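Enquirer:
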Amino acid sequence: MNSPNVEIISDCFINPKFVSEAAKKPFYFSPWDLLMLTTNYIQTGLLFRLPENQDFSITTFLDDLKESLSTTLTHFHPLSARLATVKHENPPSLTVFLNPENSPGARFIHSAVNLTVDDILMPTDVPLVVQSFFDHHQAVNNDGHELSLLSVKVTKLVDAIFIGCSINHMLVDGTSYWHFINSWSEMFKSKGQNSHLTHISRLPILDRWIPTGSDPIVNLPFSHEDEYINRPNRPMLRERIFHFSSGSLAKLKAKANSECNTTKISSLQSLSALVWRCVTRARRVPADQETDCMMAINNRSRISPPLPENYFGNNDDDVLIKPCSTPTCGIRATGTTLPCQHCQDEETRLQKKIHRTKLCYYCHRPGHFIYDCKSKENDENTQLVSQAVNAGIRKQRESVEERNEMIVTGSEGGTWGDIWYVSLSFTQHYAGNLNVFKRIKHLVGVETNSGENDFLFMRGIGVVEVKSNNEKLLIQGVLYTPELDRNVLSLNQLTMQGFTVKKDGDTCKIFPMFSSPINNTVNEITGLSKEDELGLKEKQKVIRLNDVNEKYKEEYLNSYFEDLHVSSDETDWSVMIIRALEFNDFKDCVNLLNMLEDGKFVFHYKYELEKKFDEMVSWFVITFLGITTRPIPLVMTENRKVDLLSLYMIVERDGGYNSVTEDNLWPIIAKDMGFEYKDGEYMRTVYAMYLDILVYYYKFKDVQTRANESERMKEREDVPECSLGRSTSAEEIKKVTEVESYALYAENSWEGAWNAHKKRRKFNFDYARKAVEEANASVLKGVSKRNMVQTVRALTTARELGDHGVGWAALRLHRAVARHNGERIKEGMEAWVKSPYVVNARVHFDKNSVYMGSSPRFDMYGNEFGMGKALAVLSGYGNKFDGKVTTYPGREGGGSIDLEVCLLPEHMAAFESDEEFLTIFNE
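Here is the structure:
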């Protein structure tokens, strides 16, 4: 190998092309951001082979990189700033934030090294020289007070170019890191297109997520940085990248699912379980010592309202996998377990959600986002730049392209309500902002075929003034409808009215066929033109007649939904459906339970569904089962109502009654329900009394309907009566229910389920009802003693991890991810706000831990920068330690994965020769 010395050729700083007013204000961090204060910068880069054409110029390439970086920083302006800290005396604390007055820009370094592609990619281990391809070596995020928050180092090799980025981890997680790189690559590719708008397809959302009720400015309980800064000495590690093809991963996934008799374990969970097992073996961890696996989890979709994927900042959590030990939870020491009915992919959007506080990064006040910021709209200095930067951020988060619309050039310099679009699909002109009208007449009507909303209710029709190409145009026949969140002109209508529209990418210009002068004579007393005076009076009239509009809206909707026989002021069709549902047969219960399969639907209509769910349970228990001794709604001690719908959803989320009981999750469910851990037995009792038979019958009916009626009747003649007639204890019915549940869900077909059904005693509902009644007295008697039930959880031992198969470990990974819900995120953040801390690398990662970072879903190889597809993704020194495993997408795509594994040399030697690992790994 040639000399690995990396020579610095040039060094400069890049500033945003435009500086908006938002970039001039202090930028405060969220709890997730502050947690990362002492970790390393994120360092990842792409290796490209030099283009073969003779026209390639490194100077031109660097100039294009700098220009596109400057334009991209217009959107990602926090990356050009520096950290600042304010010290407080009483009590001693620190406030860390971004200082807009100290923003020298992002660092850009050009370097060179006498190495080739083969020198980098051919060795078994990643060469140590790769760490020299990144700036800010060994820096921690707190160093961002002096160091740049973003540093790009472009290293020229003999036959390649490496682009290495170091970004302060307080500003980005993995999702945001690749969002920035993707945007920069997109801007580079455009090479000046739409430069007047600095257009990118995914604008970052810079508003910070703050827990509800928390101060948007968080103080850390330290008096000096020495109290939390630590720079642990790391031992020499071996770093190697292992490639797994999509085919080998498919086999591993099938093996894990087969061992657990399920189909829900993902490829990544299977691979993580394999690595966990093999690394633990390679380390020769004593059999009685504990080992754990940690995974980075994206929280954006797990809080409510869910954060947009474009949220720019930290929103990841570490999930610690803590499977129960066999003696504690009764998990059989075999390669199989009962299937978990709740298993979903690791990216499942869970139903448990929490609320978040909005924080505007423009005025830095809570309660709204930037697109609703009145201070921003009233700031005349932000008219052109900030609107150009943020053009495209809408409340509904839809792109202009998806709506088949174009921004009118000239209107984007106004406030949010002043922006105009030309639509190819709308047949009428619409405005959602009353203030855009020059003249307006009151109008009552409704449009149901707009192609966007179910109903657009008209409040008026009038004339608007639209600025296009520096010319003010009067557009007639514009309908005012507050149901629309923007202002849209119909292309067809414009053509009919004598206008020409010239398209230019995602923008357009409107030209009149005949110009007509606008009367701008101003009344010296009012300061308004005559036309403006008339328009103001007309708009005031529209506002006064709002009651007329609302009455029309109510009458129209009542007529529209007349077939539902619902009398309601509610305009939401789904709410009317819920309210109209009556329970006269069990199929009505099935209809409601089927609705609950949609988690988003449940969250959106939770209030209505709670009442309807209680009504359903009451009908099922009292009318269907004939049990009249159970109160609904159920009120526990201290007049605390039990939300049966939430209990049903949580238990279903965690795999059903059997799975929850097997894993001893009732105390945790009690906590999720707003009770205490000690109330876990209460929750189990409530579920057994009110929901268990309902859920069982619902699932039994679902499978039963798939059977051929004659086949079913024939089989019933051969099956003897259930022996529950001789024994009606609660334990007996529990056993029967367990057998039934296993029979119904262990097979994919009706035939398999029915064959399993024949092997048990036939379920007799009369006897079951009697058994439940008798069980109630015993259960309630025990409950009155307020049993103290605590969660018994333990880290798995090396022996247990080794004795079970890869499926056992993968299933526990899956369950840990699935249980990482909004409520637990909320609890964690509330605890942090009460007692803030920062990550301490010395205690955060145990010597027996395996940490799975990054994601194979990130778009890494789509960033070409005019060089074609990258040869490899490589990383720097940042955040590497013994047991760190980073996942990248495989270069060939198709679901392949590359693993970057960091281990002590002696452990790596054992790991790379592990027999189980070698059966999956592809050289």
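Per UniProt numbering, the sequence shown runs over residues 1 to 923.
C-beta atoms are modelled at their ideal positions from N, C-alpha and C, and glycine is treated no differently.
Keep in mind that this is a model prediction, so the values were computed, not measured.
CB-CB under 7 Å to T919, same chain, minus the five flanking residues each way: which ones, in chain order?
Expert: If you number the sequence shown from 1, residue 919 lands on position 919. Answer for T919: no residue qualifies.
Enquirer: Taking three-plus beta-carbon pairs below 8 Å as touching, is the region 44-56 in contact with the region 159-179?
Expert: yes
Enquirer: Tell me, please, whether the region 824-831 touches the region 289-296 by the rule of three or more beta-carbon pairs shorter than 8 Å.
Expert: no
Enquirer: Please look up how many angstroms separate the CB atoms of I669 and G655, rounded, as I've assumed it's under 8 Å.
Expert: Within the sequence shown, the letter at position 669 stands for residue 669. Within the sequence shown, the letter at position 655 stands for residue 655. So it is not a contact: roughly 11 Å between Cβ atoms.
Enquirer: Skipping 5 residues on each side, what residues in its chain have a beta carbon closer than 8 Å to that of F13?
Expert: Walking along the sequence shown from the start, residue 13 turns up at place 13. P104, G105, A106, R107, F108, S148, listed in sequence order.
Enquirer: To which residues of the same chain is A273 closer than 6 Å at the C-beta, ignoring the five residues directly before and after it?
Expert: Here the question's residue 273 lines up with position 273 in the sequence shown. Taken in chain order, the residues that qualify are V806, A809, A810, L813.
Enquirer: Under 8 Å by Cβ, that's how I've got L903 and G883 pegged, so tell me the actual separation to the nearest angstrom.
Expert: Position 903 of the sequence shown, counted from the start, is the residue given in the question as residue 903. Position 883 of the sequence shown, counted from the start, is the residue given in the question as residue 883. Here L903 really is in contact with G883; their C-beta atoms are around 7 Å apart, less than 8 Å.
Enquirer: Under 6 Å Cβ to Cβ from T44, same chain only, skipping five residues before and after it: list those, please.
Expert: Within the sequence shown, the letter at position 44 stands for residue 44. These residues qualify, in order along the chain: S875.
Enquirer: Counting Cβ pairs, one atom from each stretch, are 3 or more of them under 8 Å apart for the region 174-193 and the region 856-875?
Expert: A contact exists between the region 174-193 and the region 856-875.
Enquirer: Measure the alpha-carbon distance for M295 versus D33 and round it to whole angstroms.
Expert: Locating residue 295 in the sequence shown gives position 295, where the first residue counts as 1. Locating residue 33 in the sequence shown gives position 33, where the first residue counts as 1. Cα-Cα distance, rounded: 18 Å.
Enquirer: By Cβ distance below 7 Å, which residues in the same chain neighbour I578 in space, the five residues on each side in sequence not counted?
Expert: Residue numbering aside, residue 578 sits at position 578 when the sequence shown is read from its first letter. Hits under 7 Å: Y605, E608, L609, K612.
Enquirer: Need the endpoints of the alpha helix (DSSP H) that C278 sits in, please.
Expert: Residue mapping note: residue 278 aligns to position 278 of the sequence shown, counting from 1. First-last of the alpha helix (DSSP H) with C278: 267-282.
Enquirer: In its own chain, which residues sit with a C-beta less than 7 Å from the C-beta of F583, not counting the 5 before and 5 after it?
Expert: Taking the first residue of the sequence shown as position 1, residue 583 is located at position 583. Once the five neighbours on either side are set aside, the close Cβ partners of F583 are C589, E615, M616, W619.
Enquirer: Just verifying my parser: in three-state terms, what is the DSSP assignment at D135?
Expert: Here residue 135 refers to the residue found at position 135 when the sequence shown is read from its first residue. If DSSP states are grouped into helix, strand and coil, D135 belongs with coil.
Enquirer: Measuring only the C-alpha atoms, how far is T427 from L479?
Expert: For this step, residue 427 is matched to residue 427 along the sequence shown. For this step, residue 479 is matched to residue 479 along the sequence shown. Near 11 Å, if we compare the C-alpha coordinates of L479 and T427.
Enquirer: Measure the alpha-carbon distance for Y687 versus F601 and round it to whole angstroms.
Expert: Along the sequence shown, read from residue 1 onward, the residue named residue 687 stands at position 687. Along the sequence shown, read from residue 1 onward, the residue named residue 601 stands at position 601. C-alpha separation (whole angstroms): 23 Å.
Enquirer: With a 10 Å radius around its C-beta and 16 neighbouring C-beta atoms as the bar for buried, classify H820 as buried or exposed.
Expert: Along the sequence shown, read from residue 1 onward, the residue named residue 820 stands at position 820. When all chains shown are included, H820 counts as buried.
Enquirer: Excluding the 5 residues preceding and the 5 following H907 in the sequence, name in chain order all residues of the same chain whose CB lies nearer than 8 Å to its CB.
Expert: Against the sequence shown, residue 907 aligns to sequence position 907. Excluding residues within five positions, the ones whose Cβ falls inside 8 Å are V279, A282, R283, D882.
Enquirer: Alpha carbon to alpha carbon, how far is R82 from N102? Give it in angstroms, no decimals.
Expert: By one-based count along the sequence shown, residue 102 stands at place 102. By one-based count along the sequence shown, residue 82 stands at place 82. Each residue's Cα considered, the two are about 6 Å apart.
Enquirer: Closest to R208 by CA distance: which of S301, N219, Y28 is it?
Expert: The residue labelled residue 208 in the question sits at position 208 within the sequence shown. The alpha carbon of R208 has as its nearest neighbour, out of S301, N219, Y28, the alpha carbon of Y28.
Enquirer: My parser needs the alpha helix (DSSP H) runs of 4 or more residues fully inside the region 34-117; what are they?
Expert: 58-75
Enquirer: Are three or more beta carbon pairs between the region 893-902 and the region 240-259 nearer than 8 Å?
Expert: yes
Enquirer: Does the separation of the CB atoms of L801 and R277 fall below 7 Å?
Expert: Your numbering for residue 801 matches position 801 in the sequence shown. Your numbering for residue 277 matches position 277 in the sequence shown. Yes. Within cutoff.
Enquirer: Are the region 119-126 and the region 75-93 in contact at 8 Å, needing three or more beta carbon pairs?
Expert: no
Enquirer: Please state whether the Cβ-Cβ distance between A798 and V285 is less than 7 Å.
Expert: Residue numbering aside, residue 798 sits at position 798 when the sequence shown is read from its first letter. Residue numbering aside, residue 285 sits at position 285 when the sequence shown is read from its first letter. Their beta carbons are under 7 Å apart, which means A798 touches V285 by this criterion.
Enquirer: Of the residues N848, N314, E89, S93, which one's Cα is nearest the Cα of I210?
Expert: Position 210 of the sequence shown, counted from the first residue, corresponds to residue 210. Residue N314 is the option with its Cα nearest to I210.
Enquirer: Exposed or buried, what is E7 when buried is set at 16 or more other beta-carbons lying within 10 Å of its beta-carbon?
Expert: Here residue 7 refers to the residue found at position 7 when the sequence shown is read from its first residue. E7 is exposed by the Cβ-count criterion.
Enquirer: Please work out which residues of its chain come closer than 8 Å, Cβ to Cβ, to S258, disregarding the five sequence neighbours upstream and downstream, and give them in chain order.
Expert: Within the sequence shown, the letter at position 258 stands for residue 258. Closer than 8 Å at Cβ, skipping near neighbours: G807.
Enquirer: In terms of DSSP beta bridges, what is C902 paired with?
Expert: Working through the sequence shown from its first residue, we reach residue 902 at position 902. DSSP, once it has assigned bridges, lists E239 as partnering C902.
Enquirer: Measure the C-alpha to C-alpha separation of Y682 and L645 and round it to an integer number of angstroms.
Expert: Numbered from its first residue, the sequence shown carries residue 682 at position 682. Numbered from its first residue, the sequence shown carries residue 645 at position 645. One C-alpha to the other measures close to 16 Å.
Enquirer: Pull up the distance between the alpha-carbon of V422 and that of K537, whole angstroms please.
Expert: Position 422 of the sequence shown holds residue 422. Position 537 of the sequence shown holds residue 537. When rounded, the distance between both Cα atoms is 28 Å.
Enquirer: Checking the sheet assignment: what are the DSSP bridge partners for I440?
Expert: In the sequence shown, residue 440 corresponds to position 440, counting from 1. I440 pairs with G462.
Enquirer: Going by the CB atoms, is the gap between R486 and N549 shorter than 7 Å?
Expert: Counting from one through the sequence shown, the residue named residue 549 turns up at place 549. Counting from one through the sequence shown, the residue named residue 486 turns up at place 486. It is not a contact, given that the beta carbons lie outside the stated cut-off.
Enquirer: So what does L150 bridge to, in DSSP terms?
Expert: Mapped onto the sequence shown, residue 150 falls at position 150. Note: L150 sits in a beta bridge opposite I167.
Enquirer: Between which two residues does the beta strand (DSSP E) holding P889 run?
Expert: Here residue 889 refers to the residue found at position 889 when the sequence shown is read from its first residue. Segment 884-889, the beta strand (DSSP E) holding P889.
Enquirer: Go to M294, then tell me how far its beta strand (DSSP E) extends in each direction, as first and last residue.
Expert: Reading the sequence shown from its first residue, position 294 is the one you call residue 294. Run containing M294: 292-298, per the beta strand (DSSP E) assignment.
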